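Engineer:
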Amino acid sequence: MSIVDELRALQAEAVAALGSVSDLGTLEDVRIAFLGKKGSLTAVLRGLGSLPPEERPAVGKVSNEVRVALEEAIESRRGELAGAALADRFVAEAIDVTLPGRHRLPGKQHLISQTLDDIVQVFLGLGYKIGEGPEVELDYYNFTALNHPPEHPARAATDTFYVRDLSGDHAAVDGESDVLLRTHTSPVQVHVMERQQPPIYVLAPGRVYRRDVADPSHLPQFTQIEGLVVDEGITFGDLKGTLEHFVREIFGPKRRVRLRPHFFPFTEPSAEVDISCGMCGGSGCRSCSGEGWIEVLGSGMVDPNVFGYVGIDPERYSGFAFGVGAERVAALKYGIPDLRLFVDGDMRFLRQF
Ligand code: PHE
Numbered sequence: 003m004s005i006v007d008e009l010r011a012l013q014a015e016a017v018a019a020l021g022s023v024s025d026l027g028t029l030e031d032v033r034i035a036f037l038g039k040k041g042s043l044t045a046v047l048r049g050l051g052s053l054p055p056e057e058r059p060a061v062g063k064v065s066n067e068v069r070v071a072l073e074e075a076i077e078s079r080r081g082e083l084a085g086a087a088l089a090d091r092f093v094a095e096a097i098d099v100t101l102p103g104r105h106r107l108p109g110k111q112h113l114i115s116q117t118l119d120d121i122v123q124v125f126l127g128l129g130y131k132i133g134e135g136p137e138v139e140l141d142y143y144n145f146t147a148l149n150h151p152p153e154h155p156a157r158a159a160t161d162t163f164y165v166r167d168l169s170g171d172h173a174a175v176d177g178e179s180d181v182l183l184r185t186h187t188s189p190v191q192v193h194v195m196e197r198q199q200p201p202i203y204v205l206a207p208g209r210v211y212r213r214d215v216a217d218p219s220h221l222p223q224f225t226q227i228e229g230l231v232v233d234e235g236i237t238f239g240d241l242k243g244t245l246e247h248f249v250r251e252i253f254g255p256k257r258r259v260r261l262r263p264h265f266f267p268f269t270e271p272s273a274e275v276d277i278s279c280g281m282c283g284g285s286g287c288r289s290c291s292g293e294g295w296i297e298v299l300g301s302g303m304v305d306p307n308v309f310g311y312v313g314i315d316p317e318r319y320s321g322f323a324f325g326v327g328a329e330r331v332a333a334l335k336y337g338i339p340d341l342r343l344f345v346d347g348d349m350r351f352l353r354q355f
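So the number in the numbering used here is just where the residue sits in the sequence shown, counting from 1, plus 2.
(1) For the segment 194–204 against the segment 312–328, do three or more pairs of beta-carbon atoms, one drawn from each stretch, fall closer than 8 Å, so that the two count as touching?
(2) Under the criterion of a Cβ to heavy atom distance below 6 Å, does residue 324 qualify as lining ligand 1?
(3) Drop a sphere of 10 angstroms on the beta-carbon of residue 26, count the other beta-carbons inside from all chains shown, and report buried for 16 or more, exposed for fewer.
(4) How is residue 1 classed by DSSP in three states: helix, strand or coil?
(5) Determine whether the beta carbon atoms of residue 184 and residue 139 lie at a separation below 7 Å.
(6) Consult DSSP for residue 330 and reduce its assignment to one of helix, strand or coil.
(7) In three-state terms, what does DSSP make of residue 136?
(8) So is the beta-carbon of residue 150 under 6 Å away from any non-hydrogen atom of ligand 1?
(9) Between residue 186 and ligand 1, is the CB less than 6 Å from at least one heavy atom?
(10) Flag residue 300 as yes when its Cβ comes closer than 6 Å to any non-hydrogen atom of ligand 1, and as no otherwise.
(11) Is residue 266 near ligand 1, with its Cβ less than 6 Å from a heavy atom?
(12) Relative to the C-alpha of residue 372, which candidate in 278, 228, 355 has its C-alpha closest?
(13) Measuring alpha carbon to alpha carbon, tell me which of 280, 289, 334 ends up nearest residue 299.
(14) Quick check: residue 210 and residue 186, are their CB atoms within less than 7 Å of each other?
(15) Does residue 308 pass the burial test, meaning 16 or more other C-beta atoms within 10 Å, or should it be called exposed?
(16) Does any heavy atom of ligand 1 sit closer than 6 Å to the C-beta of residue 269?
(17) Can you list the beta strand (DSSP E) stretches of 3 or more residues lying completely in the segment 259–322, in chain order?
(18) For residue 126, is the classification buried or exposed, using 16 other Cβ atoms within 10 angstroms of its Cβ as the cut-off for buried?
(19) Who does residue 227 pair with in a DSSP beta bridge?
(20) Considering just the uninterrupted stretch of the alpha helix (DSSP H) at residue 215, what are its terminal residues?
(21) Flag this pair as touching only if the segment 260–275 and the segment 143–150 have three or more C-beta atom pairs under 8 Å; answer yes or no.
(22) In the DSSP assignment, the alpha helix (DSSP H) including residue 37 goes from what residue to what residue?
(23) Pull up the DSSP beta-bridge partners for residue 164, would you.
(24) So residue 44 is in the alpha helix (DSSP H); what residue range does that whole segment cover?
(25) Using the Cβ count rule (16 or more neighbours within 10 Å means buried), how would you classify residue 336?
(26) Cβ of residue 190 within 7 Å of Cβ of residue 165?
(27) Within the continuous alpha helix (DSSP H) that includes residue 16, where are the two ends?
(28) Considering only their Cβ atoms, is the gap separating residue 20 from residue 79 smaller than 7 Å?
(29) Per DSSP, what kind of secondary structure is residue 121 in: helix, strand or coil?
(30) Would you mind working out which of 331, 57, 68 sits nearest residue 11, comparing C-alpha positions?
(31) Beta carbon of residue 245, beta carbon of residue 275: below 7 Å?
(32) Taking the beta carbon of residue 103 as the centre, do at least 16 other beta carbons fall within 10 Å, making it buried, or is it exposed?
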């Protein structure tokens with residue numbers, strides 16, 4: 003076989019070997035087998051020296067062509083294998099993002115907190131400040147300074163949760179403890195007036211407690227918002243205008259307000275406040291028991307006796323107060339038939355708001 007034929011046969015052999023190579027490691031073995039220092043092409047090229055000088059140029063040309071062709075074939079095979087290896091890695095390392103994932107419910111405010119915030123915003127807009135008092139309260143603030151006579155029925159242990167005072171700082175009144183869970187936010191009125199002389203424009207939201215069994219319209223613990231205004235020249239008209247503004251902001255501009263004479267020990271005169279029924283607009287329907295009106299809160303002009311307890315001059319100042327239940331407002335606004343839904347913690351209910 004001539005040396006040129008030998009070169010061509012080597013080339014064919016190398017091309018066949020490259021075709022069956024399936025990874026970069028074997029490809030390198032093939033390259034070394036043909037083009038390496040001890041490779042077969044190199045061996046043939048070494049033999050060139052023993053050729054007669056006139057044959058050398060032609061054979062040299064062919065051998066160079068074969069070497070270039072082999073190098074090109076190896077590089078192109080290397081490219082193919084590297085591409086295939088990358089494609090394999092993509093498949094092996096792929097992350098499946100089509101899974102549904104873990105669903106987490108975003109937290110949100112309870113409807114009662116939302117309602118409190120809405121009401122607070124209305125009064126902050128009128129320039130009121132926020133007032134505070136303790137939930138564990140003295141009989142003096144919850145009843146006495148609010149002009150409740152000693153025999154008032156709300157003081158009975160059947161209506162009020164009394165707390166045993168282990169410190170002994172507070173003596174028992176008639177066998178009862180004089181420490182209790184406040185039954186309304188009105189004691190905050192007394193705390194505010196003790197601390198501050200008029201002008202007073204205060205809103206006091208907070209929890210209150212009564213010895214009621216939970217039913218659709220009662221909860222043993224609920225939330226009130228107390229309002230107190232004391233200034234020179236405050237009239238019943240100011241109270242009415244303030245309540246009308248509150249009702250329209252919270253329930254909508256179509257609602258009307260009706261004041262009915264009532265009695266609270268700490269306001270005189272006192273009024274219960276009704277709003278026109280949202281279902282029938284006041285003509286009477288099932289949701290307002292045919293009345294056309296629904297009771298929402300208690301209010302009145304601060305009784306001069308209360309000013310006497312806190313040292314505010316009733317000749318110079320007058321004031322009004324009101325107390326509204328957040329659960330009641332929310333129930334009316336959203337048509338909730340049972341107040342217990344607010345405390346059950348059932349997400350199917352709470353999620354709706
Ligand atoms: N504290 C009263 C109640 O809980 C409501 C009220 C507050 C009435 C302020 C008049 C003035 O029923």
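The beta-carbon is built from N, C-alpha and C at its ideal position, and this holds for glycine as well. The structure displayed is predicted, hence computed values, not measured ones.
Structural biologist: Looking at the coordinates:
(1) yes
(2) Taking the sequence shown and counting its residues from 1, the one referred to as residue 324 is at position 322. Indeed, a heavy atom of ligand 1 lies less than 6 Å from the Cβ.
(3) Here residue 26 corresponds to residue number 24 of the sequence shown, with the count starting at 1. With fewer than 16 other Cβ atoms within 10 Å, it is exposed.
(4) Nothing can be reported for residue 1: it is not among the residues displayed for the chain, which extend from 3 to 355.
(5) Translated into positions along the sequence shown, residue 184 becomes position 182. Translated into positions along the sequence shown, residue 139 becomes position 137. The criterion of a C-beta distance shorter than 7 Å is satisfied by residue 184 and residue 139.
(6) Against the sequence shown, residue 330 aligns to sequence position 328. Three-state result, residue 330: helix.
(7) By 1-based counting over the sequence shown, the position of residue 136 is 134. Correct three-state label for residue 136: coil.
(8) Translated into the one-based positions of the sequence shown, residue 150 becomes position 148. No, the Cβ of residue 150 stays beyond 6 Å of every heavy atom of ligand 1.
(9) In the sequence shown, the residue the question calls residue 186 occupies position 184. Distances from the CB of residue 186 to the heavy atoms of ligand 1 include at least one below 6 Å.
(10) Sequence index remark: in the sequence shown, residue 300 carries index 298 (1-based). Checking the Cβ of residue 300 against ligand 1 gives yes.
(11) On the sequence shown, residue 266 is found 264 positions in, with the first residue counted as 1. At least one heavy atom of ligand 1 is nearer than 6 Å to the Cβ of residue 266, so yes.
(12) The structure shown does not extend to residue 372, since the chain is modelled only from 3 through 355, so no value can be given for it.
(13) Numbered from its first residue, the sequence shown carries residue 299 at position 297. Of 280, 289, 334, the residue nearest in Cα terms is 334.
(14) Residue mapping note: residue 210 aligns to position 208 of the sequence shown, counting from 1. Residue mapping note: residue 186 aligns to position 184 of the sequence shown, counting from 1. Yes. Within cutoff.
(15) Position 306 of the sequence shown, counting from 1, holds the residue named residue 308. Its Cβ being crowded by 16 or more others within 10 Å, residue 308 is buried.
(16) By 1-based counting over the sequence shown, the position of residue 269 is 267. Distances from the CB of residue 269 to the heavy atoms of ligand 1 include at least one below 6 Å.
(17) 259–266, 269–278, 295–304
(18) Working through the sequence shown from its first residue, we reach residue 126 at position 124. When all chains shown are included, residue 126 counts as exposed.
(19) Along the sequence shown, one-based indexing puts residue 227 at 225. DSSP lists 207, 326 as partners of residue 227.
(20) Here residue 215 refers to the residue found at position 213 when the sequence shown is read from its first residue. Premise fails: residue 215 is in no alpha helix (DSSP H) and is neither H nor E.
(21) In the pairwise beta carbon analysis, the segment 260–275 is classified as touching the segment 143–150: at least three pairs are separated by under 8 Å.
(22) As a working note, residue 37 is residue 35 in the sequence shown. Start and end: 26–37.
(23) Taking the sequence shown and counting its residues from 1, the one referred to as residue 164 is at position 162. DSSP output for residue 164 lists 182 as bridge partner(s).
(24) Counting from 1 along the sequence shown, the entry for residue 44 is found at position 42. Run containing residue 44: 42–48, per the alpha helix (DSSP H) assignment.
(25) By 1-based counting over the sequence shown, the position of residue 336 is 334. Per the 10 Å Cβ criterion, exposed.
(26) If you number the sequence shown from 1, residue 190 lands on position 188. If you number the sequence shown from 1, residue 165 lands on position 163. Not closer than 7 Å, so no.
(27) One-based indexing of the sequence shown puts residue 16 at position 14. Per DSSP, residue 16 belongs to the alpha helix (DSSP H) from 5–22.
(28) Here residue 79 refers to the residue found at position 77 of the sequence shown. Here residue 20 refers to the residue found at position 18 of the sequence shown. Result yes, Cβ atoms of residue 79 and residue 20 sit closer than 7 Å.
(29) Looking up residue 121 in the sequence shown gives position 119. Note: residue 121 maps to helix in three-state DSSP.
(30) As a first step, residue 11 must be located in the sequence shown, where it is residue number 9. Out of 331, 57, 68, 68 has the C-alpha closest to the C-alpha of residue 11.
(31) Sequence index remark: in the sequence shown, residue 245 carries index 243 (1-based). Sequence index remark: in the sequence shown, residue 275 carries index 273 (1-based). A contact, by the Cβ cut-off of 7 Å.
(32) Walking along the sequence shown from the start, residue 103 turns up at place 101. Exposed.
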